[in-house]
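Counted the way my numbering counts, the sequence shown spans residues 2 to 132. Just so you know, even glycine gets a beta-carbon here, dropped at the ideal spot from N, CA and C. Source: prediction; values computed, not measured. This report refers to the structure that appears directly beneath it.
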Amino acid sequence: MAIYGPARTDGYTIDFRSESTGSWGGGGTVEVPDPTMAAGTTRQIIQAHPGRSFDVYKQWKDASGNVVREELYYKDVYDPKPAKVAVGTAAAAPVVPVEEAPAPVVEQPAPVEEPPAPVVEQPPVTPDPAV
Numbered sequence: 002m003a004i005y006g007p008a009r010t011d012g013y014t015i016d017f018r019s020e021s022t023g024s025w026g027g028g029g030t031v032e033v034p035d036p037t038m039a040a041g042t043t044r045q046i047i048q049a050h051p052g053r054s055f056d057v058y059k060q061w062k063d064a065s066g067n068v069v070r071e072e073l074y075y076k077d078v079y080d081p082k083p084a085k086v087a088v089g090t091a092a093a094a095p096v097v098p099v100e101e102a103p104a105p106v107v108e109q110p111a112p113v114e115e116p117p118a119p120v121v122e123q124p125p126v127t128p129d130p131a132v
C-alpha cells in the first residue's frame, strides 16, 4: 500500500499493517444448471473461499523506522463464499446406429471370347527305318 500527500513536517512517517484474526467455514457448494452441457457432467466455475477477519493498524514511525505510536484503524470481515459448479442438464444425444455402406461394386469388363486358333493339319510322320 502507498500513501500519497505532502511530507509530514514532524519527521514521522505513517504506515499500515494488517493482522489475520480469524478464519472459518468453506461456504459449501451452489449448483448452477447448464443446458449446454450433457446431463451428469460438471464444471467448476468458482472455488469456495473461507470467511476471514483482519485487524488493520495505523502506525507512526520516527526517522529511524521505530514505531512510536500504533492504533487500531479498522476491522475487516470477509464472509465465506460457496463454490459454484455448473451441472449439465442437456438430454444425452440419442444413439443412432451406424449403417454400414455397401462395398462399392467394381465392374469388371466382360471377357472377350477369342475365336479358337485355326488347326493346321500336319502330314503324318513316318518313322525312319534306319533308326
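- Rounded to the nearest angstrom, the Cβ distance from Gly28 to Ala102 is 55 Å, too far for a contact under 8 Å.
- Inside the stretch 82-107, DSSP marks whole beta strand (DSSP E) runs of 3 or more residues at positions 84-91, from first to last along the chain.
- Taking 8 Å as the cut-off, the beta carbon of Phe17 is found no closer than this to the beta carbon of Tyr79.
- If you check the CB distance, Asp63 and Tyr13 come in under 8 Å.
- Excluding five sequence positions before and after His50, the CB atoms of its chain that fall closer than 7 Å to its own CB belong to Gly28, Pro81 and Lys82, given in chain order.
- In the DSSP assignment, Tyr79 forms a beta bridge with Arg53.
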